[in-house]
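Visitor: The numbering of the sequence shown is our numbering, which starts it at 6 and goes up by one. We put the beta carbon where it would ideally sit given N, CA and C, even for glycine. Source: prediction; values computed, not measured.
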Amino acid sequence: MITYSISAFDPNAHLIKISLKIDKPIQPVQTLRLPNWIPGSYLIRDFAKHLLDMNITNEQGKSVALNTIDKSNWSFTSSEAVTVEYFVYAWDLSVRGAHFDDSHAFFNGTSVFLEVVGQADLACEVQIEPSNITLNNQWKVATGMPKVNIDELGFGLYRAENYTALIDYPVEMGTFSEIQFEACGIPHKMVITGIFECDELRLKQDLIKICETEINLFGQPAPVDEYLFQVMVTGSDYGGLEHRNSTALICSRNDLPYIGMQETTDGYLQFLELCSHEYFHTWNVKRIQPKVYQDSDLQTPVYTNQLWWFEGITSYYDGLILHRAGLVDNKTYLQLLAKQMTRVYRMPGRFKQSVAESSWLTWTKFYQQDENAPNAVISYYTKGSLIALGLDLTIRKETNGKKSLDDVLLHLWNQFGKNQAGIKDGEIEQVCSEISGVDLSEFFNLYLFGTEDIPFTELFASFGINFNLRTLSGLDDLGGEISSSSENIGLPSHLGANVANTPQGTVKITHIWNEQPAYQAGLSAGDEIIALNGLKLANKAQLETLLKRHDNSQPISCHYFRRDELRTTTIKLEIPVADRVVLTEATPNTANLAWL
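Quick look at the structure:
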């Protein structure tokens, strides 16, 4: 057995202390390593850069020489048991790393647990030790790791079946709030860390509906005996990462439902979609998996075309589950779907990069996007969700409703997920055709491996839904149906750029769309516009007012800073392109919404 001990050591220095005991080092040389990336997040993160002060001693307390092989691999020679001690600097407030201060501690195993190479199949025991800060503040522990012998606060001994399992159980320590419930008889818990207000009863009831809808979709029994949502609340963050029986989430405190809240806010819907998305991964990613990910040692990038399915299909179902669970009505769901589709139709990069390529190059082009991303890349999350939608509508249409994407999903679960047989590239596309009885090869050639837009006008029409594209009504317009008031009419002019307010009272360009007015004027991402037509431009609201009132036949003089250099240019505004999606029932309450 491989034995670890871990404790929250120094909150001011953000140091977590780890001790690793190896009973029988491999002869003649034992190698240790730390992963370079974490499953579910496809970027080389070099977690070893946060590892400090490693030392090794044998049973007699004598120091054992440590050899550094490379940035994340070490070796030593010993014929007897050794103890490896080291610290991890934990100051990454995200779902992917480790974070520790006087308010809480959170860590993923990929950040803190060294792998004993050649012994990764052995069981791993972890002693989560209390420390001064945990004792003084009565911190509790929340993790999905199997318990062996713990106290009432959760400190004590845990066990994972092997190293792969060990790094799939993130740990939260602190004075978090707890929401406990059952879904289809399975114990669930949500722990929430941070400063927040929340209608916990409402959240609990909504989570039950989401979890039970997903469990019943795949079929009981669920593949977990218990499930944990770990939520970190901040001012404006957002994200999630799936694990085998838990998920780590981060959200804005404004996204949580507050007591007395009547309407379901956009922020709360976003949070529920996030919970739905990560919970869906319990089946689709953690058990239905690409074969190449199953064989990975987490040291180097692993390449697959399949993320269109694993993230795109999940992104399609996360909102659909809210509808099936009764948390949103038809109109609200169509609005959510229209906004999701708008994120694709606003990106000219969808004609430059296929979704298959987006998946293959996720390590660089997707996870390391720059200011030119809208013109150059497409997301396998968003465009992948449109492929899922297009597949679902196509299968339902061609089979007169006898088959759907649900049938494909369940086949993959029963044939691959339940026994965790890895899926090879190309297999999912074959399964889609086989299970549906529809030849979908052209569909995948055009929309997955090609860059064409899916013909949603015709597809939606078969189900009584109107698909339309309109121009933006304001700089923060995310798509969907808008009211007919004069305040919401389309802007007659557009800049062809994304902008943001700065603390200095200027408007900063964040992204430029090629071939559009800002591009034609020579503006670039990072430029700060300070004046238009000789008048100071202090915020986005002033820019929007100008866009609503300006005569496009008249050019605009623009003063701006690039770095610390003052420049001038002339902007010729144009009529905006129609890239905001609107979905409406052709005849209210008569549309064929069986696909929901």
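With residue 484 and residue 585 assumed to form a contact (beta carbons below 8 Å), what rounded beta-carbon distance in angstroms separates them?
Guide: For the purposes of this step, residue 484 is taken as the residue at position 479 of the sequence shown. For the purposes of this step, residue 585 is taken as the residue at position 580 of the sequence shown. Going by Cβ atoms, the distance from residue 484 to residue 585 rounds to 4 Å, so yes, they are a contact pair.
Visitor: Consider the Cβ of residue 365: report whether some Cβ of chain C lies at a distance smaller than 8 Å.
Guide: Looking at the structure shown, chain C is missing, and only one protein chain is on hand.
Visitor: For the alpha helix (DSSP H) holding residue 203, just list the boundary residues, first then last.
Guide: Stepping through the sequence shown from its first residue, residue 203 is reached at position 198. Residue 203 -> no alpha helix (DSSP H), and no H or E assigned at all.
Visitor: May I have the straight-line CA-CA distance separating residue 221 from residue 546, to the nearest angstrom?
Guide: Within the sequence shown, the letter at position 216 stands for residue 221. Within the sequence shown, the letter at position 541 stands for residue 546. Spanning the two alpha carbons is a distance of roughly 47 Å.
Visitor: Buried or exposed, going by whether 16 or more other CB atoms sit within 10 Å of the CB of residue 314?
Guide: Here residue 314 is taken as the residue at index 309 of the sequence shown, counted from 1. Buried, since its Cβ has 16 or more Cβ neighbours within 10 Å.
Visitor: Between residue 334 and residue 498, what straight-line distance do the alpha-carbon atoms span, to the nearest angstrom?
Guide: Here residue 334 refers to the residue found at position 329 when the sequence shown is read from its first residue. Here residue 498 refers to the residue found at position 493 when the sequence shown is read from its first residue. Distance between the alpha carbons of residue 334 and residue 498: 34 Å.
Visitor: Taking a contact to mean a Cβ-Cβ separation below 8 Å, would you say residue 93 touches residue 133 in this structure?
Guide: The residue you call residue 93 lines up with position 88 of the sequence shown. The residue you call residue 133 lines up with position 128 of the sequence shown. It is not a contact, given that the beta carbons lie outside the stated cut-off.
Visitor: So which of 279, 60, 155 and 68 has the shortest CA-CA distance to residue 260?
Guide: Mapped onto the sequence shown, residue 260 falls at position 255. It is 279.
Visitor: Using DSSP bridges, identify the partner residues of residue 192.
Guide: Position 187 of the sequence shown holds residue 192. In the DSSP output, where bridge partners are listed per residue, residue 192 has 187.
Visitor: When DSSP builds the beta bridges, which residues end up paired with residue 37?
Guide: Here residue 37 is taken as the residue at index 32 of the sequence shown, counted from 1. According to DSSP, which records beta bridges pairwise, residue 37 is partnered with 79 and 121.
Visitor: From this set, 592, 472, 588 and 235, which residue's C-alpha is nearest residue 99's C-alpha?
Guide: For the purposes of this step, residue 99 is taken as residue 94 along the sequence shown, with counting starting at 1. Ranking 592, 472, 588 and 235 by Cα distance to residue 99 puts 235 first.
Visitor: Quick check on the burial criterion: 16 or more other C-beta atoms within 10 angstroms. Buried or exposed for residue 264?
Guide: Your numbering for residue 264 matches position 259 in the sequence shown. Exposed: under 16 other Cβ atoms inside 10 Å.
Visitor: Would you mind working out which of 42, 336, 63 and 22 sits nearest residue 57, comparing C-alpha positions?
Guide: Taking the first residue of the sequence shown as position 1, residue 57 is located at position 52. Answer by Cα proximity: 22.
Visitor: Figure out for me which residue from 316, 407, 294 and 298 has the closest Cα to the Cα of residue 420.
Guide: Numbered from its first residue, the sequence shown carries residue 420 at position 415. Checking every option, the nearest Cα to that of residue 420 belongs to 294.
Visitor: Return the first residue and the last residue of the beta strand (DSSP E) that residue 15 is part of.
Guide: Stepping through the sequence shown from its first residue, residue 15 is reached at position 10. 7-15 is the extent of the beta strand (DSSP E) around residue 15.
Visitor: CA-CA distance, residue 230 and residue 193?
Guide: In the sequence shown, the residue the question calls residue 230 occupies position 225. In the sequence shown, the residue the question calls residue 193 occupies position 188. Cα to Cα, residue 230 sits roughly 9 Å from residue 193.
Visitor: Tell me whether residue 592 is buried or exposed, calling it buried when 16 or more other Cβ atoms sit within 10 Å of its Cβ.
Guide: Indexing the sequence shown from 1 puts residue 592 at position 587. Counting Cβ neighbours within 10 Å, residue 592 comes out exposed, since fewer than 16 surround it.
Visitor: Going by DSSP in three states, residue 58 sits in which element: helix, strand or coil?
Guide: As a position in the sequence shown, residue 58 is number 53, starting the count at 1. Residue 58 falls in the strand class under three-state DSSP.
Visitor: When the distance is taken between beta carbons, is residue 117 closer than 8 Å to residue 128?
Guide: Taking the sequence shown and counting its residues from 1, the one referred to as residue 128 is at position 123. Taking the sequence shown and counting its residues from 1, the one referred to as residue 117 is at position 112. Not in contact: residue 128 and residue 117 (Cβ atoms no closer than 8 Å).
Visitor: Quick one: give me the first and last residue of the beta strand (DSSP E) that residue 555 is part of.
Guide: Position 550 of the sequence shown holds residue 555. Looking at the DSSP string, residue 555 is not in any beta strand (DSSP E), and its letter there is neither H nor E.
Visitor: Assuming the contact rule is C-beta atoms closer than 8 Å, residue 297 and residue 307 should be a hit. Round their C-beta distance to whole Å, please.
Guide: Position 292 of the sequence shown, counted from the first residue, corresponds to residue 297. Position 302 of the sequence shown, counted from the first residue, corresponds to residue 307. Residue 297 to residue 307, Cβ: 5 Å. Contact.
Visitor: Helix, strand or coil for residue 23? Go by DSSP, reduced to three states.
Guide: Working through the sequence shown from its first residue, we reach residue 23 at position 18. Residue state, collapsed to three classes: strand.
Visitor: Between residue 402 and residue 464, which are expected to be in contact by the criterion C-beta below 8 Å, what is the C-beta distance as a whole number of angstroms?
Guide: Start at 1 with the first residue of the sequence shown, and residue 402 comes out as number 397. Start at 1 with the first residue of the sequence shown, and residue 464 comes out as number 459. That belief holds up - the Cβ atoms of residue 402 and residue 464 are roughly 7 Å apart, short of 8 Å.
Visitor: Could you work out which residue in 471, 364, 519 and 518 is closest to residue 453 when comparing CA atoms only?
Guide: Residue 453 sits at position 448 when you count from the first residue of the sequence shown. Of the listed residues, the one whose Cα sits closest to residue 453 is 364.
Visitor: Does the separation of the CB atoms of residue 78 and residue 115 fall below 8 Å?
Guide: As a position in the sequence shown, residue 78 is number 73, starting the count at 1. As a position in the sequence shown, residue 115 is number 110, starting the count at 1. No.
Visitor: Would you list the one or two residues that DSSP bridges to residue 251?
Guide: By 1-based counting over the sequence shown, the position of residue 251 is 246. Beta-bridge pairing links residue 251 to 233.
Visitor: On the DSSP bridge assignment, give the partners of residue 306 in chain order.
Guide: In the sequence shown, residue 306 corresponds to position 301, counting from 1. Bridge partners of residue 306: none, in fact.
Visitor: Would you give the residue range spanned by the alpha helix (DSSP H) that residue 439 belongs to?
Guide: Position 434 of the sequence shown holds residue 439. Residues 432-441.
Visitor: First and last residue of the beta strand (DSSP E) that includes residue 517?
Guide: The count along the sequence shown starts at 1 and reaches residue 517 at position 512. Its beta strand (DSSP E) spans residues 512-517.
Visitor: For a quick check, are the C-beta atoms of residue 153 and residue 198 less than 8 Å apart?
Guide: The residue given as residue 153 occupies position 148 in the sequence shown. The residue given as residue 198 occupies position 193 in the sequence shown. Taking 8 Å as the Cβ cut-off, residue 153 and residue 198 do not qualify as a contacting pair.
Visitor: What did DSSP end up calling residue 151 once you bin it into helix, strand or coil?
Guide: Residue numbering aside, residue 151 sits at position 146 when the sequence shown is read from its first letter. Of the three classes helix, strand and coil, the one that applies to residue 151 here is coil, per DSSP.
Visitor: Under the assumption that residue 518 contacts residue 501 (Cβ atoms under 8 Å), give the Cβ distance between them as a whole number of angstroms.
Guide: By 1-based counting over the sequence shown, the position of residue 518 is 513. By 1-based counting over the sequence shown, the position of residue 501 is 496. Correct: roughly 4 Å between the Cβ atoms.
Visitor: By the three-class DSSP mapping on this structure, what secondary structure does residue 483 have?
Guide: As a working mapping, residue 483 is identified with position 478 in the sequence shown. Residue 483 falls in the coil class under three-state DSSP.
Visitor: Quick one: residues in its chain with C-beta nearer than 8 Å to the C-beta of residue 218, no 5 flanking neighbours on either side, listed in chain order?
Guide: What you label residue 218 is simply residue 213 of the sequence shown in a count that begins at 1. 326, 329 and 330, listed in sequence order.
Visitor: Please classify residue 272: does DSSP put it in a helix, a strand, or coil?
Guide: Taking the first residue of the sequence shown as position 1, residue 272 is located at position 267. Reduced to three states, the DSSP call for residue 272 is helix.
Visitor: Can you tell me the Cβ-Cβ gap for residue 173 and residue 249, rounded? I've got them flagged as a contact below 8 Å.
Guide: Counted from its first residue, the sequence shown places residue 173 at position 168. Counted from its first residue, the sequence shown places residue 249 at position 244. Indeed, because the Cβ distance is near 5 Å, the residues count as touching under 8 Å.
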